[in-house]
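All the letters of the sequence shown, read from the start, carry residue numbers 16 to 502 under our numbering.
Notes follow once the structure below has been shown.
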Amino acid sequence: MLKLADFFHLPQVDTFLEQLTHDGPGLAVVAGLDLRSGEGFLPSGRSTIFRILMREILAANPDAHCVVVTRAKDAVRVPRAFQRRTMVMTVRPFDEYQAIMAEAARRRPDLLVLDTLDADNAALALAAAAAGLRVLSQVDSVFRGAGVARHLLDLGVSRAELQHLAWIISVQRQPALCLDCKLPYTPDAAQLNRLLALLPQSEIEPDHQPVYYRAVGCPACEGSGRKGDVLVFDIFRGDPGAPNVLEQPSLLPAEDYVLGLAVRGYLPLGDVLHFESEQFHRTYKLLVASERALADSHAALERRVAELEVAHNVLQQRTKALISLQDIGQALISSDDLDALAVQVCWRARDLCGADRAILYYLRDGDQAEVLALQGWDPALLHTRLPAEDVFRAGVAAGPVPYDAWPPGTTPRPPDVEGARLRAGLYVPLLAQEQHVGVMIVHSTHQNRFEPGEVALLQTFANQAAVAIQRAGLVEDLREKIAELEA
16 MLKLADFFHL PQVDTFLEQL THDGPGLAVV AGLDLRSGEG FLPSGRSTIF
66 RILMREILAA NPDAHCVVVT RAKDAVRVPR AFQRRTMVMT VRPFDEYQAI
116 MAEAARRRPD LLVLDTLDAD NAALALAAAA AGLRVLSQVD SVFRGAGVAR
166 HLLDLGVSRA ELQHLAWIIS VQRQPALCLD CKLPYTPDAA QLNRLLALLP
216 QSEIEPDHQP VYYRAVGCPA CEGSGRKGDV LVFDIFRGDP GAPNVLEQPS
266 LLPAEDYVLG LAVRGYLPLG DVLHFESEQF HRTYKLLVAS ERALADSHAA
316 LERRVAELEV AHNVLQQRTK ALISLQDIGQ ALISSDDLDA LAVQVCWRAR
366 DLCGADRAIL YYLRDGDQAE VLALQGWDPA LLHTRLPAED VFRAGVAAGP
416 VPYDAWPPGT TPRPPDVEGA RLRAGLYVPL LAQEQHVGVM IVHSTHQNRF
466 EPGEVALLQT FANQAAVAIQ RAGLVEDLRE KIAELEA
């Protein structure tokens with residue numbers, strides 16, 4: 016469990032946080048930007064300091080009861096030692112934040128914790144503070160001190176409500192000097208003049224020249240001169256009697272804090288002299304990274320939507336095919352005209368799998384195969400009879416298999432003469448009661464392969480078609496025998 020003592024910090028921080036821990040009603044905010052995307056950026060450490068403050072307040076007040084209002088249960092982790100005196104109220108997506116906050120305030124907790132401040136609850140948090148509650152929250156912000164108060168105005172808070180803003184603890188992490196290669200550094204005249212403008216506001220005495228450092232790079236820091244990181248604090252305390260909270264200075268400005276870190280050898284002097292400009296540059300880079308991440312997320316979302324639309328269209332087609340498959344089966348079983356049935360089978364099969372050519376062979380007398388129907392081939396082939404061994408391939412599985420040759424009985428021709436090249440083909444045995452009834456061959460001249468879903472649909476249809484063809488063939492044989500008997 017992390018404590019503030021686990022991080023290097025200036026001793027003034029302990030004093031101010033001790034005051035915050037024992038303070039009365041009001042809103043205390045931990046501000047910082049924890050960027051979740053973009054390389055080269057350190058998270059501010061805001062959430063860690065937020066959890067430490069919550070734990071320290073509860074530890075300093077053994078009888079205090081706490082209510083946590085959060086959108087997700089894992090957003091605020093309550094220490095096990097304080098769980099018995101802490102109630103967690105989760106704001107579900109369709110709940111109104113105002114009703115949840117009203118219920119939380121009605122319980123009059125000693126500490127009200129909000130997972131984060133935003134436009135939905137910033138004014139409600141200050142209203143709870145105005146009602147005498149002690150409120151602790153955090154906010155995503157690149158600002159510090161009174162700048163965070165201005166940020167709250169953008170979230171819909173009024174200037175009058177800002178009078179109940181008690182504390183703002185702004186934090187950010189900075190890359191620290193490498194302790195293995197840092198060396199003492201003497202500032203030049205221009206740097207000393209800039210330092211003199213900062214010294215009166217800091218803890219450093221003007222008549223005492225401190226030692227500053229720089230790093231030259233070493234194997235331990237891979238030549239960067241930086242290794243690890245250090246927290247930078249900016250501590251602001253609101254004064255209810257002040258005429259304008261937005262004009263109040265911080266008790267411990269970040270500029271003074273980085274100067275103290277530089278004196279102690281944790282930051283180079285350049286980080287102090289160019290702190291303000293570096294903050295603008297850092298904010299700009301953060302905004303660019305956020306914009307890039309947003310654009311990437313938007314592009315990924317658009318791709319996902321396109322994929323879902325394609326999948327939805329395919330699913331609709333498959334659903335329609337499956338729904339109509341039963342109707343097709345009923346139509347096939349009710350037909351006893353073998354020739355008409357074969358034509359219908361070819362047409363339906365081509366439609367199910369997206370083929371544009373189909374031909375159906377029917378086994379006659381065990382040694383001959385007759386072309387009963389075709390689609391996309393020369394009509395002169397109709398009722399042509401071939402040796403059965405030319406059509407029925409030995410060792411072929413019961414299901415559809417790839418077929419890249421021309422159908423038996425057709426004359427192979429070059430694509431420029433034929434008008435289209437055969438790209439994908441399937442050889443579909445028609446089996447009824449494990450007996451060969453016939454064979455259907457389908458081809459496509461516009462797609463390179465048939466999708467697995469199309470093959471599965473064709474297999475299901477072929478099973479139904481085989482039974483219907485066998486039945487129609489038996490009916491045809493029976494009619495011929497009846498006609499012979501009548502003759």
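By construction, the Cβ of each residue, glycine as well, lies at the ideal position given by its N, Cα and C atoms.
This one's a predicted model, so the numbers in the text were calculated from it and none came from an experiment.
(request) Closer than 6 Å by C-beta to A161: which residues in its own chain qualify, once you throw out the five before and the five after it? Chain order, please. (result) Translated into the one-based positions of the sequence shown, residue 161 becomes position 146. These residues qualify, in order along the chain: L261 and Q263.
(request) Under 6 Å Cβ to Cβ from D354, same chain only, skipping five residues before and after it: list those, please. (result) If you number the sequence shown from 1, residue 354 lands on position 339. Within the same chain, D354 has no close Cβ partners at all.
(message) Am I right that I484 and V452 are in contact with their C-beta atoms under 8 Å? What's the rounded C-beta distance?
(response) By one-based count along the sequence shown, residue 484 stands at place 469. By one-based count along the sequence shown, residue 452 stands at place 437. Their Cβ separation, rounded to whole angstroms, is 5 Å, which keeps I484 and V452 in contact under 8 Å.
(request) Verify whether the separation of the beta carbon atoms of A269 and V247 is less than 8 Å. (result) Sequence index remark: in the sequence shown, residue 269 carries index 254 (1-based). Sequence index remark: in the sequence shown, residue 247 carries index 232 (1-based). Cβ atoms of A269 and V247: closer than 8 Å.
(request) Determine the closest residue to D78 out of V386, A87, T101 and L35, with distance taken between C-alpha atoms. (result) Here residue 78 corresponds to residue number 63 of the sequence shown, with the count starting at 1. Selected option, being the one with the closest Cα: T101.
(message) Check this for me: beta carbons of A481 and L446, under 8 Å apart or not?
(response) Along the sequence shown, one-based indexing puts residue 481 at 466. Along the sequence shown, one-based indexing puts residue 446 at 431. Going by C-beta atoms, A481 is nearer than 8 Å to L446.
(message) For a test of the three-state rule: what should DSSP assign to R122, helix, strand or coil?
(response) Your numbering for residue 122 matches position 107 in the sequence shown. Coil at R122, not helix or strand.
(request) Return the first residue and the last residue of the beta strand (DSSP E) that K242 is part of. (result) Residue 242 sits at position 227 when you count from the first residue of the sequence shown. R241 to R252 is the extent of the beta strand (DSSP E) around K242.
(message) Tell me which residue opens and which closes the alpha helix (DSSP H) that G488 is part of.
(response) For this step, residue 488 is matched to residue 473 along the sequence shown. Segment P467 to E501, the alpha helix (DSSP H) holding G488.
(request) Kindly indicate which residue of P394, A373 and F407 has the alpha-carbon position closest to the one of T384. (result) On the sequence shown, position 369 is the one that residue 384 refers to. One detail in the question is off: residue 384 reads as Ala in this sequence, not Thr. Ranked by how close their Cα comes to the Cα of A384, the residues P394, A373 and F407 have F407 in first place.
(message) Measuring straight from C-alpha to C-alpha, what distance separates C361 and H327?
(response) Position 346 of the sequence shown, counted from the start, is the residue given in the question as residue 361. Position 312 of the sequence shown, counted from the start, is the residue given in the question as residue 327. So the two alpha carbons sit approximately 27 Å from each other.
(request) Could you tell me the distance, in whole angstroms, from the CA atom of V172 to the CA atom of A43? (result) Within the sequence shown, the letter at position 157 stands for residue 172. Within the sequence shown, the letter at position 28 stands for residue 43. Using only the alpha carbons, I get a separation of about 15 Å.
(message) Using a 10 Å radius around the Cβ and a threshold of 16 neighbouring Cβ atoms, would you call E176 buried or exposed?
(response) For the purposes of this step, residue 176 is taken as residue 161 along the sequence shown, with counting starting at 1. It is buried - the Cβ of E176 has at least 16 other Cβ atoms within 10 Å.
(message) On the CB-based measure, 16 or more other CB atoms within 10 Å of its CB, does K197 come out buried or exposed?
(response) Looking up residue 197 in the sequence shown gives position 182. A residue is called buried once 16 or more other Cβ atoms fall within 10 Å of its Cβ, and K197 is buried on that count.
(message) Taking only three categories from DSSP, how would you classify A355?
(response) Numbered from 1 along the sequence shown, position 340 holds the residue referred to as residue 355. Note: A355 maps to helix in three-state DSSP.
(message) Checking the sheet assignment: what are the DSSP bridge partners for M102?
(response) On the sequence shown, position 87 is the one that residue 102 refers to. When DSSP reads this structure, M102 sits in a beta bridge with V82.
(request) Take the Cβ of V45 as the centre, count every other Cβ of all protein chains shown within 10 Å, and call the residue buried at 16 or more, exposed below. (result) Reading the sequence shown from its first residue, position 30 is the one you call residue 45. Under this definition V45 is a buried residue.
(request) Would you check if the distance between the CB atom of R10 and the CB atom of H461 is smaller than 8 Å? (result) The structure shown does not extend to residue 10, since the chain spans only 16 to 502, so no value can be given for it.
(message) Taking the beta carbon of A477 as the centre, do at least 16 other beta carbons fall within 10 Å, making it buried, or is it exposed?
(response) Looking up residue 477 in the sequence shown gives position 462. Answer is buried; the Cβ neighbour count reaches 16.
(request) Using the DSSP secondary-structure output, state which residues sit across from R229 in a beta bridge. (result) Here residue 229 corresponds to residue number 214 of the sequence shown, with the count starting at 1. For R229, which the question treats as bridged, DSSP gives the partners L198.
(request) With DSSP collapsed to three states, give me the class of A373. (result) Taking the sequence shown and counting its residues from 1, the one referred to as residue 373 is at position 358. Residue state, collapsed to three classes: strand.
(request) Thinking Q153 and L132 are a contact (beta carbons under 8 Å), I'd like their distance in whole angstroms, please. (result) Along the sequence shown, read from residue 1 onward, the residue named residue 153 stands at position 138. Along the sequence shown, read from residue 1 onward, the residue named residue 132 stands at position 117. Correct: roughly 7 Å between the Cβ atoms.
(request) State buried or exposed for S349, treating a residue as buried only when at least 16 other CB atoms are found within 10 Å of its CB. (result) Sequence index remark: in the sequence shown, residue 349 carries index 334 (1-based). By the neighbour-count rule (16 or more Cβ atoms within 10 Å), S349 is not buried but exposed.
(request) Taking all protein chains shown into account, decide if S217 is buried (16 or more other Cβ within 10 angstroms of its Cβ) or exposed. (result) Locating residue 217 in the sequence shown gives position 202, counting from the first residue. With a pLDDT of 47 at S217, under the threshold of 50, the predicted position of this residue should be treated as unreliable, though the coordinate-derived value follows. Result: buried.
(request) Give me the Cα-Cα distance between A373 and L472, rounded to the nearest whole angstrom. (result) To locate residue 373, count along the sequence shown from 1; it is residue 358. To locate residue 472, count along the sequence shown from 1; it is residue 457. C-alpha separation (whole angstroms): 16 Å.
(message) If I measure Cβ to Cβ from K242 and keep anything under 6 Å in the same chain, skipping five residues before and after, which residues do I get?
(response) For the purposes of this step, residue 242 is taken as residue 227 along the sequence shown, with counting starting at 1. These residues qualify, in order along the chain: C193 and C236.
(request) May I ask you to list the residues that DSSP assigns as paired with P268? (result) Within the sequence shown, residue 268 is the residue found at index 253, counting from 1. P268 pairs with nothing; no bridge assigned.
(request) Express the C-alpha separation of D249 and V28 in angstroms, rounding to a whole number. (result) The count along the sequence shown starts at 1 and reaches residue 28 at position 13. The count along the sequence shown starts at 1 and reaches residue 249 at position 234. Going by the C-alpha atoms only, they are around 9 Å apart.
(message) Please report the distance separating the alpha-carbon of I456 from that of A308.
(response) Position 441 of the sequence shown, counted from the first residue, corresponds to residue 456. Position 293 of the sequence shown, counted from the first residue, corresponds to residue 308. Near 51 Å, if we compare the C-alpha coordinates of A308 and I456.
(request) Tell me whether the beta-carbon of D125 lies closer than 8 Å to the beta-carbon of R99. (result) Locating residue 125 in the sequence shown gives position 110, where the first residue counts as 1. Locating residue 99 in the sequence shown gives position 84, where the first residue counts as 1. The answer is no: Cβ separation not under 8 Å.
(request) Could you check if Y376 is buried or exposed, using at least 16 other CB atoms within 10 Å of its CB as the buried criterion? (result) Here residue 376 refers to the residue found at position 361 when the sequence shown is read from its first residue. Per the 10 Å Cβ criterion, buried.
(request) Express the C-alpha separation of P202 and F251 in angstroms, rounding to a whole number. (result) Here the question's residue 251 lines up with position 236 in the sequence shown. Here the question's residue 202 lines up with position 187 in the sequence shown. So the two alpha carbons sit approximately 31 Å from each other.
(request) Would you mind listing the alpha helix (DSSP H) stretches within the region 398-451 that are 4+ residues and don't spill past its ends, in chain order? (result) Runs of the alpha helix (DSSP H) inside the region 398-451: 403-406 and 430-433.
(message) Can you give me the C-alpha to C-alpha distance between D286 and H24, rounded to a whole angstrom?
(response) Within the sequence shown, residue 286 is the residue found at index 271, counting from 1. Within the sequence shown, residue 24 is the residue found at index 9, counting from 1. C-alpha of D286 to C-alpha of H24: approximately 17 Å in a straight line.
(message) By alpha-carbon positions, which one of F290, A502, A257 and G256 ends up nearest to Y272?
(response) Locating residue 272 in the sequence shown gives position 257, counting from the first residue. Per the Cα distances, F290.
(message) So the candidates are L397, G60, E71 and S62; which of them puts its Cα closest to the Cα of Q34?
(response) Within the sequence shown, the letter at position 19 stands for residue 34. For Q34, the nearest C-alpha among the options comes from E71.
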